[in-house]
Every structure is written in C-alpha cells, then in structure tokens.
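J.: Be aware that the sequence shown starts at 1496, since it is given in our numbering, and climbs by one per residue.
Ideal Cβ positions, reconstructed from N, Cα and C, are used throughout, including at glycine.
Owing to the predicted nature of the structure, the values given are computational and were not obtained by experimental measurement.
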Amino acid sequence: MERHLLTFGGSFRHGWADTTEHNLTNWKDEESKTDITYQSWGKDRTYALFAQDEIMILDNLTTYLGFRQDWWKTYDGYANQIGTAGYPKQYASRDVSSFNPKAALVYNPLEKTTLKTSVGKAFRPPAVYELYKTWTTTTGITYAGNPDLKPETTTSWDVGIEQGLWKGAKAGLTYFENYLEDLIYSKTVSSTYYDKINVGKAKGKGVELEVEQRLNKGLRLFANFTYNDAEVKENKVKPETVGKALTDLPERMFNIGGDFEKGPFSANLTGRYVSKRYFNDENKDTVNRVHGSYDPYFIAEAKVSYRVTEFATLSLSMDNIFDRYYFSYYQAPGRSWFSELTIKF
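Structural data, given as structure tokens:
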C-alpha cells in the first residue's frame, strides 16, 4: 500500500431561479411597477462522488486512475409569458446520472524530462438560468432559456512533455483533443433573439506551449500560448453552423509576464492577448469595436501586495494599464485601479 495514494470525496450543488418582470410607469423608477409581464422559476441539484488512486508503479512512473459519478435533477420548472398563447407552462422533472472515468500516466525517463498523457470524460448539466431564465435587454435583445436542455459531455485526451533546460528554465508542450456531445450552445434565431440548444457534436483540438525562467529565489518570468481549433461537427437543429467556430471561444491566447516575492512583498506584471471570438453561431459578426462584438485585444495588468500580518494582506492593482479600447460584447472598462484587503483564517 505504500505505493498507493487514495483520494476520495463528494459534492452537492443546489441552484434555483425566480424571475418576475413588470411594466414600469417610469423606467427610471424601480418602484413604479404595474402589471406583471413575465414569470419563470425552477430548481436543480447535483450530487457527486469521486475517487482517485495515485499508483507509483516505478520510481519514475506514476499512474492516476479515478472516476466521478454525478446525479443531476431539475424540477419545479414554470414559465408564464402573460398574454401569450400556450402559457403558463409547467415543466416535468428530469434526472440524469453520469459515470465519468479518468486515467493519466506520468513518466520521467530523464532527470529533467517528464512525459505526460491523460484521457477522461466530463459531464456538465445545464445551469438553472440556462433552463428557465428568459430575459430581454433594454435594447430589445432577448436571450431565451430552454427547459428541455440536456447535460453536455466531453471526452478528452492529451499528451505532453515538460523539459528542464538550463538553470532555472523549463519548457512544456501539450497537444489535446476534446470531443463534445450535446454541447449547450447559444443559437442565433435573429439579430434580436438567441435561444439555448444542444448541438449534436463538436470537436476541439490544439496545443499549449509554456516557458518559464526563474532568475533567483523570488523572481520568475513566464510566457504561455494556447491554440484551440474548435468547431461544430453536427447540428441537426441548425445544419448551417456545421464547420463554424464555437461561440465565445478564442482561437489563440497568449500571456507573458513576471512575478516577484521577497519577504512580505509580492508583485506581478502580466500582458494578456485574446484573439477574435464570435457571438453569432454562423460567425457572421466580423465587425470589431462596436457594441456586441468580441474584439481581439492585448492588455497589461499589475498587482502589488504586502502581507501585513499572518492573516491579512493589502493589495493595489491596475487593470488595462495602457487604457485599450475594445469590446467584449459591452465596451470593456478602461484603465482601472483597485485596492483590496484580504483576511484569511
């Protein structure tokens, strides 16, 4: 048993949504409510058990075998679009269970070389707001929930290498593939109406590259890059989206920066790049720097912290240091300062 390390546990999550919309006699006054125009509510809960066995087969070879068992249920679903035919609606309770195994292998053929591979299955039930929440923005765009959504599942695998270089330096390269079924997706019905659906199948594949250099005990420089080519492979509800990129998922991401720590002081500076994303499921939203677009951007962020006591840390941070102008649907905040006091017991 000295070559085994067993980890196990469980989790419980409960969610609920309760929405009531009113007309207002004065749109600036929240208290000027009149008649109810829309109501919806619903609940869900998820139980899970998980376990993992870390097995040291050899001094330089370790395998990880594990699983997660999920039980999900949604219930008490209700919607009423006042004055609309077919309403109110009561939605039947549904429950789904899912067994999700995972295995990984880590091998160190040389002192500074690590080879890794893993394969596994994951399960994500729809959030309660994706099931029961329908809302309309002040600009007239409606985002509709879908009480018939099914949980999405992902089967993934990866293989990678981590290589130590000269003193304090290392680099890593990983290739990955993800196969998704019943992906929860935002379907573009029109420019003012979006509906949640399950896409039949989607696939993502890509690479992750990272490098790190430790200059001394407290100073580290780093950079990492991710390329992710993810697209719809099957969609019977909307076949024209097949071959299109998944929404709200950048193809390229890049981070570069450094962090420093000495005594009670710590600081970090990071530059972050995110490529163009699509909100429209047919990838028609190609115009940038307008409301509703998801622009490519590069921003810099910094944070300085001082540990006042064993339990308290005072921090000062700055986001979007160079005051870049871009949209992530809404216009992103410009240069911003934040102060923070963190207390941990």
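Just the Cα atoms here: how many angstroms apart are Pro1745 and Leu1764?
T.: 22 Å
J.: Helix, strand or coil, according to DSSP, for Pro1604 in the structure here?
T.: In this structure, DSSP gives Pro1604 an extended state, which the three-state scheme calls strand.
J.: With 16 as the cutoff for other CB atoms within 10 Å, does Leu1519 come out buried or exposed?
T.: exposed
J.: For Lys1628, which of Gly1699, Thr1514, Ser1788 has the nearest alpha-carbon?
T.: When only C-alpha atoms are compared, the closest one is Thr1514.
J.: Could you tell me the alpha carbon to alpha carbon distance between Tyr1768 and Ala1546, rounded to whole angstroms?
T.: Distance between the alpha carbons of Tyr1768 and Ala1546: 36 Å.
J.: Kindly give me the distance between the Cβ atoms of Ala1718 and Val1706, rounded to whole angstroms, as I take these residues to be in contact under 8 Å.
T.: Distance from Ala1718 to Val1706 at the Cβ level is roughly 5 Å; contact confirmed, criterion being Cβ atoms closer than 8 Å.
J.: Answer yes or no: do Tyr1559 and Ala1617 have a C-beta to C-beta separation smaller than 9 Å?
T.: Judged by their CB atoms, Tyr1559 and Ala1617 are not nearer to each other than the 9 Å cut-off.
J.: Among the residues of its own chain, which have a CB less than 6 Å from the CB of Val1591, if the five just before and after it don't count?
T.: Trp1567, Pro1646
J.: Count the other CB atoms within 10 Å of the CB of Arg1508; is the residue buried (16 or more) or exposed (fewer)?
T.: The residue is exposed, with fewer than 16 neighbouring Cβ atoms inside 10 Å.
J.: Residues in the same chain with beta-carbon distance under 8 Å from Glu1606, minus the five sequence neighbours each way, listed in chain order, please.
T.: Gly1659
J.: In angstroms, rounded to a whole number, what distance separates the CA positions of Arg1802 and Leu1811?
T.: 12 Å
J.: Write down every uninterrupted run of the beta strand (DSSP E) in the segment 1578 to 1658 whose length is 3 residues or greater and which is fully enclosed by it, in chain order.
T.: For the beta strand (DSSP E) assignment, the uninterrupted runs of no fewer than 3 residues enclosed by the segment 1578 to 1658 are, from N- to C-terminal side, 1584 to 1586, 1589 to 1605, 1608 to 1619, 1637 to 1639.
J.: Going by DSSP in three states, Glu1756 sits in which element: helix, strand or coil?
T.: strand
J.: Where does Glu1705 fall in DSSP's three states?
T.: Three-state DSSP puts Glu1705 in a strand.
J.: For the beta strand (DSSP E) that contains Leu1799, what are its first and last residues?
T.: Position check: residue 1799 holds Val in this sequence, whereas Leu was assumed. Taken as a continuous stretch (DSSP letters only), the beta strand (DSSP E) holding Val1799 covers 1792 to 1802.
J.: Using beta-carbon positions only, say whether Ser1588 and Tyr1570 come within less than 9 Å of one another.
T.: yes
J.: Please determine, among Gly1713, Asp1743, Asn1730, Arg1747, the residue with the shortest C-alpha to C-alpha distance to Asn1723.
T.: Arg1747
J.: Do you know whose CA, among Phe1503, Leu1556, Asp1643, lies nearest Leu1544's CA?
T.: Phe1503
J.: Excluding the 5 residues flanking Lys1665 on each side, which residues of the same chain have their C-beta closer than 6 Å to its C-beta?
T.: Gly1659, Glu1707
J.: Looking at Leu1704 and Ile1679, is the spacing between their C-beta atoms short of 9 Å?
T.: no
J.: Starting from Ser1681, trace the beta strand (DSSP E) both ways and give me its first and last residue.
T.: Going by DSSP, Ser1681 is part of the beta strand (DSSP E) stretching over 1664 to 1685.
J.: Using 10 angstroms around the beta-carbon of Val1623, count the other beta-carbons present and answer buried if the total reaches 16, otherwise exposed.
T.: A residue is called buried once 16 or more other Cβ atoms fall within 10 Å of its Cβ, and Val1623 is buried on that count.
J.: Can you confirm whether the segment 1710 to 1717 touches the segment 1688 to 1699 when touching is taken to mean that 3 or more C-beta pairs between the two stretches lie within less than 8 Å?
T.: Not touching, per the Cβ criterion.
J.: Alpha carbon to alpha carbon, what distance is there between Pro1642 and Pro1621?
T.: 9 Å
J.: Please name the residue in Phe1671, Lys1798, Thr1649 whose C-alpha comes closest to that of Lys1611.
T.: Phe1671
J.: Give the secondary structure of Thr1736 by DSSP, where H, G and I count as helix, E and B as strand, and everything else as coil.
T.: helix
J.: Report the partner residues of Leu1560 according to the DSSP bridge assignment.
T.: Asp1548, Ala1598
J.: Taking DSSP's pairing of strands, which residues face Trp1511 in a bridge?
T.: Lys1538
J.: Under three-state DSSP, which class holds His1499?
T.: strand
J.: Within 10 angstroms of its Cβ, does Leu1553 collect 16 or more other Cβ (buried), or is it exposed?
T.: exposed
J.: From which residue to which residue does the beta strand (DSSP E) around Val1785 run?
T.: Premise fails: Val1785 is in no beta strand (DSSP E) and is neither H nor E.
J.: As a quick exercise: from Asp1548, Arg1772, Thr1648, Glu1516, pick the residue whose alpha carbon is nearest that of His1499.
T.: Asp1548
J.: Check Asp1524 in the structure and name its three-state DSSP category.
T.: Coil at Asp1524, not helix or strand.
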